[in-house]
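Engineer: Protein chains in written order, with numbering that gives the first Met the number 0: chain A, 0 to 295; chain B, 0 to 439. Every residue, glycine too, gets a C-beta built ideally from N, C-alpha and C. Remember, it's a predicted structure, so these values are computed and weren't measured experimentally. Got a structure for you, questions after.
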Amino acid sequence: MKHLLNTNDIGRDEAVLILDTASEMANLTDRSVKKLPALRGRTVVNLFFEDSTRTRISFEAAAKRLSADVISFSAKGSSVSKGETLKDTALTLEAMGADAVVIRHSASGAPYRLATSGWIEGSVINAGDGGHQHPTQALLDAYTMRRHLRANTGDLSGLKVMLVGDVLHSRVARSNVALLHTLGAEVTLVSPPTLLPVGVEQWPARVAYSLDEDLEAQDVVMMLRVQRERMNEAYFPSAREYSRRYGLDSERMARLPKDSLVMHPGPMNRGLEIGDMVADSDRSVIVEQVANGVTV
Amino acid sequence: MSGDAKSQSEFVLSEVRPLNSDPVDVVIAAGKIREICAPGTGAARNPIAQVIPGAGQVLLPGLVDLHTHLREPGREDAETVHTGSQAAALGGFTAVHAMANTDPVMDTAGVAIQVWRLGREAGYVDVRPVGAVTVGLEGQRMAELGAMADSAARVRVFSDDGKCVSDPVRMRRALEYVKVFDGVIAQHAQEPRLTEGAQMNEGVISARLGLKGWPSVAEEAIIARDILLAELVDSRLHICHVSTAGSVDIIRRAKQRGIKVTAEVTPHHLLLTDDLAVGYDPVYKVNPPLRTAADVVAVREGLADGTIDIVATDHAPHASEDKDCEWDYAAFGMLGLPTALSVVAQSMVTTQALDWAGVADRLSTSPARIGQVQDQGQPLAVGEPANLAVVDPDQTWVVNAADFPGPSHNSPYNGMKLPAKVTATFFRGRATVIDGELQW
Numbered sequence: 000m001k002h003l004l005n006t007n008d009i010g011r012d013e014a015v016l017i018l019d020t021a022s023e024m025a026n027l028t029d030r031s032v033k034k035l036p037a038l039r040g041r042t043v044v045n046l047f048f049e050d051s052t053r054t055r056i057s058f059e060a061a062a063k064r065l066s067a068d069v070i071s072f073s074a075k076g077s078s079v080s081k082g083e084t085l086k087d088t089a090l091t092l093e094a095m096g097a098d099a100v101v102i103r104h105s106a107s108g109a110p111y112r113l114a115t116s117g118w119i120e121g122s123v124i125n126a127g128d129g130g131h132q133h134p135t136q137a138l139l140d141a142y143t144m145r146r147h148l149r150a151n152t153g154d155l156s157g158l159k160v161m162l163v164g165d166v167l168h169s170r171v172a173r174s175n176v177a178l179l180h181t182l183g184a185e186v187t188l189v190s191p192p193t194l195l196p197v198g199v200e201q202w203p204a205r206v207a208y209s210l211d212e213d214l215e216a217q218d219v220v221m222m223l224r225v226q227r228e229r230m231n232e233a234y235f236p237s238a239r240e241y242s243r244r245y246g247l248d249s250e251r252m253a254r255l256p257k258d259s260l261v262m263h264p265g266p267m268n269r270g271l272e273i274g275d276m277v278a279d280s281d282r283s284v285i286v287e288q289v290a291n292g293v294t295v
Numbered sequence: 000m001s002g003d004a005k006s007q008s009e010f011v012l013s014e015v016r017p018l019n020s021d022p023v024d025v026v027i028a029a030g031k032i033r034e035i036c037a038p039g040t041g042a043a044r045n046p047i048a049q050v051i052p053g054a055g056q057v058l059l060p061g062l063v064d065l066h067t068h069l070r071e072p073g074r075e076d077a078e079t080v081h082t083g084s085q086a087a088a089l090g091g092f093t094a095v096h097a098m099a100n101t102d103p104v105m106d107t108a109g110v111a112i113q114v115w116r117l118g119r120e121a122g123y124v125d126v127r128p129v130g131a132v133t134v135g136l137e138g139q140r141m142a143e144l145g146a147m148a149d150s151a152a153r154v155r156v157f158s159d160d161g162k163c164v165s166d167p168v169r170m171r172r173a174l175e176y177v178k179v180f181d182g183v184i185a186q187h188a189q190e191p192r193l194t195e196g197a198q199m200n201e202g203v204i205s206a207r208l209g210l211k212g213w214p215s216v217a218e219e220a221i222i223a224r225d226i227l228l229a230e231l232v233d234s235r236l237h238i239c240h241v242s243t244a245g246s247v248d249i250i251r252r253a254k255q256r257g258i259k260v261t262a263e264v265t266p267h268h269l270l271l272t273d274d275l276a277v278g279y280d281p282v283y284k285v286n287p288p289l290r291t292a293a294d295v296v297a298v299r300e301g302l303a304d305g306t307i308d309i310v311a312t313d314h315a316p317h318a319s320e321d322k323d324c325e326w327d328y329a330a331f332g333m334l335g336l337p338t339a340l341s342v343v344a345q346s347m348v349t350t351q352a353l354d355w356a357g358v359a360d361r362l363s364t365s366p367a368r369i370g371q372v373q374d375q376g377q378p379l380a381v382g383e384p385a386n387l388a389v390v391d392p393d394q395t396w397v398v399n400a401a402d403f404p405g406p407s408h409n410s411p412y413n414g415m416k417l418p419a420k421v422t423a424t425f426f427r428g429r430a431t432v433i434d435g436e437l438q439w
C-alpha cells in the first residue's frame with residue numbers, strides 16, 4: 000500500500016493487519032524508550048491546510064516514535080496563505096526529499112491530486128479531506144472498538160455501530176461506514192433527512208431518522224460533530240431541537256447496553272450532539288480515541 | 000502550412016459522399032459550390048483546381064457552433080479569437096457564436112464589434128458575437144440589446160451564459176424585448192440558490208466523494224419556468240446545454256404544445272458521466288456537471304427525436320493553472336471544438352441514433368437557423384456558399400490535446416480513441432484545413 004487515501008481501498012485482511020500492527024505499537028507506549036527504528040532516515044511532512052492540533056500532533060508523535068524526521072507545515076503563516084498553490088507546495092516538498100506527506104485539506108480529493116498528479120514521488124496519507132474521507136480516524140475508531148469489544152484481535156464481525164449526526168458534511172462518517180463494513184460491523188446512520196446526502200441509500204449502512212429506535216441493541220454509538228451554523232442554512236430549526244432529537248443525553252445513554260461504547264471524533268459540542276455528563280462518563284472512550292490515534 | 004492555400008480558390012473534392020449519399024465530385028470556385036458532377040470527372044473539367052481526394056469520405060455543410068467561449072477580450076492566456084477560430088476550423092466548423100462572458104463583458108455594441116472584427120481578421124470561421132442579456136452578466140439592468148442587434152456585428156443571440164437570468168421578471172422582459180429584431184434568449188438554466196458551492200452532479204457519486212451536489216432540479220426548474228414565460232409572451236427561447244433526463248422531458252412536452260423553444264446538448268453530455276469525477280481530476284469539472292448514464296441515454300434520445308435541436312460545444316478553454324489544482328478551486332469547463340464531430344459520431348452515429356444527414360441538421364442547419372447566420376447551414380447544392388466540412392467516417396484517431404491550437408489543453412478526451420476525423424474544412428471557398436492540418 001503506497002498511499003492511504005480512502006478506507007474503500009482497504010481490504011479486510013489489510014485492515015486487520017493494520018490493527019494488529021497498531022496493538023504491537025501500543026506496547027511501545029508503555030516502555031521508557033518509546034522509539035522504533037522503522038522510519039529512520041526518512042522524512043515525513045505534515046502538510047496541514049486546515050487547523051487541527053489534535054490530528055497534527057498525533058501524526059507528529061507517531062512519526063517520531065518510528066524515528067522519522069518530521070517537518071510540520073501549517074498553511075497559516077506560510078507561503079500557502081500568500082497564494083501558493085497546492086502544486087507549488089508539493090513541488091517544494093518533493094525538492095526537499097519528502098518520503099511521505101500527511102495532508103489535511105478543506106477540499107475533498109486534495110490528497111488524490113497530490114498522489115496522482117505526478118507532483119511528488121512519496122507516499123500520501125490522507126489526514127482528512129473536506130467532506131470526503133478521514134481514513135486514519137476510521138482506523139483508530141476501529142482499533143478502539145476492537146480493543147474494548149473484541150479482545151483486540153480479528154475483525155468486528157457482528158458489532159452494531161450507530162453513527163449519529165451530520166452525515167452529509169462528515170468525512171468521519173464516510174470513512175467509518177466503509178471500514179466498519181469491511182470489518183464486518185453492522186452500521187446504522189441516524190440523522191435528520193436534511194443532513195443525509197442524496198445517494199446514501201447505496202452505502203453499506205442502514206439509515207434511520209430517529210435516535211430512539213434501536214438504541215438498546217447498539218454496541219457502539221458514535222456522535223458526529225454538528226456545526227451550530229448549520230441551523231442558519233435551514234438544516235435544522237434550532238440547536239435545542241437538534242439536541243432534543245439527535246443529542247446523546249444521560250437518559251438515552253442509560254438505555255444503551257452496559258458494556259457499550261460512546262465515541263466522538265472530536266472536537267465536541269458539549270450540550271449539542273453530546274451531553275456533558277455523557278462525554279465524561281465511564282462509557283466514553285473519547286479521550287482514549289486520541290491516544291489510540293498515535294498508536295494507529 | 001503552405002501560403003498558397005489561403006489564396007487558392009478552386010478545389011475539386013473528388014468522390015465525396017454528400018451526407019453519405021452516392022459519391023460525386025464537388026467543384027468549389029469563387030467562394031461557392033460551382034458544380035456537382037459525376038465522380039472522377041471534376042478534375043478534367045476544372046484543370047486549374049486543386050484536387051482533394053475524398054473517396055469514402057462524407058461531405059457535410061460547415062458546422063455551426065451556437066455556444067463557444069473564445070475568452071477574448073480578457074483571458075487571452077486561455078484562448079484568443081484567432082486560436083479559437085483555428086480550433087473550430089480543425090473541428091469542421093465554419094461559424095461559431097462567441098459567448099458574452101468576456102472581460103469586459105460583451106454587453107455593448109463596442110465589444111461585440113471588436114470580437115466580430117477579430118473574427119474577420121482571423122478568417123477561419125464566421126465569428127458571431129452573443130450579447131449579454133444584462134449589464135455585466137449581473138442579472139439586473141438589461142444590456143443595450145438593440146444597439147448590439149443593429150451594429151455591424153448583427154447580434155441575434157443573447158445570453159448571460161455562465162450565469163442564469165434567474166430573476167423571472169427580468170427574464171420575461173428580455174424575452175419580450177428581443178421580439179423587435181427576432182432575437183433569441185439563450186438561457187443558462189441554473190437555479191442559483193439550489194447550486195451554491197455545487198461541484199458535481201448530486202447523486203451516488205457526489206455522496207461518496209464528499210463533493211457538494213448539483214441537483215438536476217436546479218436546471219429543470221428554470222427550464223420549466225422559462226418555457227411558461229416564453230409561452231406567455233410568445234417569444235423565442237433557447238435552452239443552453241441540456242444535461243438531465245427531466246429537462247428533455249419538459250422540453251419535449253413544451254414542443255408538443257407548440258411553444259417556441261429550442262435546445263442544445265453538448266458533446267460531453269452525450270458521452271461522459273459523473274463517475275469520471277472519482278479521481279478528482281478537474282478536467283471533468285464542467286457546468287452543468289456531467290450527469291448519470293440514464294441522463295446520457297435521455298439526451299441522446301432527445302437529440303435523435305428532435306426534442307433537442309442541436310449539438311453545441313460549450314468550448315471552454317482554461318489556463319492550466321485554473322485546472323491543475325484541487326477540484327473545489329478549479330474552473331468549470333472543457334474544450335470541445337476540435338473533438339465535437341467525433342464525439343457525436345461516437346455517441347450518435349455508431350449507435351445508429353442519427354445518420355449523417357441528421358448530423359448535418361443538428362450541427363449545421365439547425366444551429367444556423369436558431370442563430371440566424373446567413374450563408375451557413377445551407378444545402379449542398381450548386382450556387383450555395385462553399386462552407387463545407389469533409390469527414391472520414393472510418394478514420395479513428397487518438398486525441399492529443401497538446402496538439403490543439405491555443406494555449407489551453409483541458410480536453411476530457413485526451414488519450415481517448417475516437418471515430419470520424421475531419422480531414423478538410425472550407426470557409427467561403429477557402430481551405431482552412433486540408434489533410435487534417437490547418438492551412439495557415
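Tell me which same chain residues have a C-beta within less than 8 Å of the C-beta of K259 of chain B, skipping the five on either side of it?
Structural biologist: Closer than 8 Å at Cβ, skipping near neighbours: A229, D233, S234, R235 and L236.
Engineer: Could you confirm whether any beta carbon from chain A is found closer than 7 Å to the beta carbon of G209 of chain B?
Structural biologist: Yes, its Cβ sits closer than 7 Å to a Cβ of chain A.
Engineer: Can you tell which of B:P167, B:V343 and B:H240 has the C-alpha that lies nearest to the C-alpha of A448 of chain B?
Structural biologist: The question about residue 448 of chain B has no answer here: the residues shown for chain B are numbered 0 through 439.
Engineer: Can you find a CB in chain B that lies within less than 7 Å of the CB of S107 of chain A?
Structural biologist: With 7 Å as the cut-off, S107 of chain A counts as an interface residue toward chain B.
Engineer: Determine the direct distance from the alpha carbon of G245 of chain B to that of D211 of chain A, and round the result to whole angstroms.
Structural biologist: Whole-angstrom Cα-Cα distance: 38 Å.
Engineer: Go to H104 of chain A, then tell me how far its beta strand (DSSP E) extends in each direction, as first and last residue.
Structural biologist: H104 of chain A -> beta strand (DSSP E) spans A99 to H104.
Engineer: Grab me the residues of T395 of chain B's own chain with a C-beta within less than 7 Å of its C-beta, minus the 5 sequence neighbours each way, in chain order.
Structural biologist: Closer than 7 Å at Cβ, skipping near neighbours: K416, L417 and P418.
Engineer: Of the choices B:H187, B:M98, B:I307 and B:L334, whose alpha-carbon is the least far from that of Q255 of chain B?
Structural biologist: Comparing Cα-Cα distances from Q255 of chain B to each of B:H187, B:M98, B:I307 and B:L334, the minimum goes to B:I307.
Engineer: On the DSSP bridge assignment, give the partners of V179 of chain B in chain order.
Structural biologist: Answer is none; V179 of chain B lacks a bridge partner.
Engineer: Comparing C-alpha positions only, which one of A:L90, A:T88, A:E93 and A:V32 sits nearest to K63 of chain A?
Structural biologist: Ranking the options by Cα distance to K63 of chain A, first place goes to A:V32.
Engineer: Does chain B have any CB closer than 7 Å to the CB of Y208 of chain A?
Structural biologist: Cβ-Cβ to chain B under 7 Å: no for Y208 of chain A.
Engineer: Going by other Cβ atoms of all chains shown within 10 Å of its Cβ, with 16 needed for buried, is K178 of chain B buried or exposed?
Structural biologist: Exposed, by the Cβ-count rule.
Engineer: Closest Cβ-Cβ distance between H131 of chain A and chain B: below 7 Å?
Structural biologist: Judged by the 7 Å Cβ criterion, H131 of chain A is in contact with chain B.
Engineer: Taking the DSSP output, what are the residues bridged to E185 of chain A?
Structural biologist: In DSSP, E185 of chain A forms a bridge with A:K159.
Engineer: Let me make sure I understand the geometry here. Which of A:A109, A:E120, A:L138 and A:F48 has the alpha-carbon closest to that of T6 of chain A?
Structural biologist: That would be A:L138, whose Cα lies nearest to the Cα of T6 of chain A.
Engineer: Taking the alpha-carbon of F72 of chain A as reference, which of A:R244, A:G10 and A:V101 has the nearest alpha-carbon?
Structural biologist: Nearest of A:R244, A:G10 and A:V101 to F72 of chain A, Cα basis: A:V101.
Engineer: Using the Cα positions of S174 of chain A and P134 of chain A, report the straight-line distance between them to the nearest angstrom.
Structural biologist: The alpha-carbon atoms of S174 of chain A and P134 of chain A are separated by roughly 5 Å.
Engineer: Are the CB atoms of A262 of chain B and A303 of chain B within a distance shorter than 7 Å?
Structural biologist: Their beta carbons are not under 7 Å apart, which means A303 of chain B does not touch A262 of chain B by this criterion.
Engineer: Can you pull the chain A neighbours of S365 of chain B, defined as C-beta to C-beta under 7 Å?
Structural biologist: In chain order: nothing, as chain A lies at least about 35 Å away.
Engineer: Quick one: residues in its chain with C-beta nearer than 8 Å to the C-beta of I250 of chain B, no 5 flanking neighbours on either side, listed in chain order?
Structural biologist: So the list reads I222, I226, I238, V241, V260, A262, G301, T306 and I307, once near-sequence residues are dropped.
Engineer: Per DSSP, what kind of secondary structure is Q394 of chain B in: helix, strand or coil?
Structural biologist: Coil, per DSSP.
Engineer: Report buried or exposed for M0 of chain B, applying the criterion of at least 16 other Cβ atoms within 10 angstroms of its Cβ.
Structural biologist: Any reading at M0 of chain B needs caution, since the residue's pLDDT is 38, under 50, leaving its predicted position unreliable; the model's value is listed next. Exposed: under 16 other Cβ atoms inside 10 Å.
Engineer: Could you tell me whether the Cβ of R429 of chain B comes closer than 7 Å to any Cβ of chain A?
Structural biologist: Closer than 7 Å: no.
Engineer: Please look up how many angstroms separate the CB atoms of P266 of chain B and A339 of chain B, rounded, as I've assumed it's under 8 Å.
Structural biologist: Confirmed, about 5 Å.
Engineer: With a cut-off of 8 Å on the beta carbons, I'd call V132 of chain B and A88 of chain B a contact; round off their distance for me.
Structural biologist: That pair is no contact at about 29 Å.
Engineer: Name the chain B residues that come within less than 7 Å of L85 of chain A, Cβ to Cβ?
Structural biologist: Correct list: C324 and E325.
Engineer: Contact between the segment 157-164 of chain A and the segment 179-188 of chain A is defined here as three or more beta-carbon pairs at a separation below 8 Å; is this criterion met?
Structural biologist: Taking 8 Å as the limit for Cβ pairs, the verdict is that the segment 179-188 of chain A does touch the segment 157-164 of chain A.
Engineer: Threshold first: 3 residues or longer. Then list the beta strand (DSSP E) segments lying entirely within the segment 198-272 of chain B, N to C.
Structural biologist: As far as the segment 198-272 of chain B is concerned, its whole beta strand (DSSP E) runs of at least 3 residues are 236-238 and 260-264.
Engineer: Going by the DSSP bridge assignment, what does G130 of chain B pair with across the sheet?
Structural biologist: DSSP lists B:F157 as partners of G130 of chain B.
Engineer: Identify, in the order they occur along the chain, each residue of the same chain with its Cβ nearer than 6 Å to the Cβ of K86 of chain A, setting aside the five sequence neighbours on each side.
Structural biologist: W118, listed in sequence order.
Engineer: Please classify V113 of chain A: is it buried, with 16 or more other beta-carbons within 10 angstroms of its beta-carbon, or exposed?
Structural biologist: Note on identity: in this sequence residue 113 of chain A is Leu, with Val being the wrong assignment. Buried, by the Cβ-count rule.
Engineer: Give the interface partners of G153 of chain A over in chain B, defined as CB-CB distance under 7 Å, in chain order.
Structural biologist: Per Cβ cutoff of 7 Å: no residues; G153 of chain A is ~28 Å from chain B at best.
Engineer: First and last residue of the beta strand (DSSP E) that includes H66 of chain B?
Structural biologist: L62 to T67 is the extent of the beta strand (DSSP E) around H66 of chain B.
Engineer: Between which two residues does the alpha helix (DSSP H) holding V296 of chain B run?
Structural biologist: A292 to D304 is the extent of the alpha helix (DSSP H) around V296 of chain B.
Engineer: Determine the DSSP secondary structure at M440 of chain B, reduced to helix, strand or coil.
Structural biologist: No answer is possible for residue 440 of chain B: the residues shown for chain B start at 0 and end at 439.
Engineer: Along the beta strand (DSSP E) that carries V44 of chain A, what are the first and last residues, could you check?
Structural biologist: Its beta strand (DSSP E) spans residues T42 to F47.
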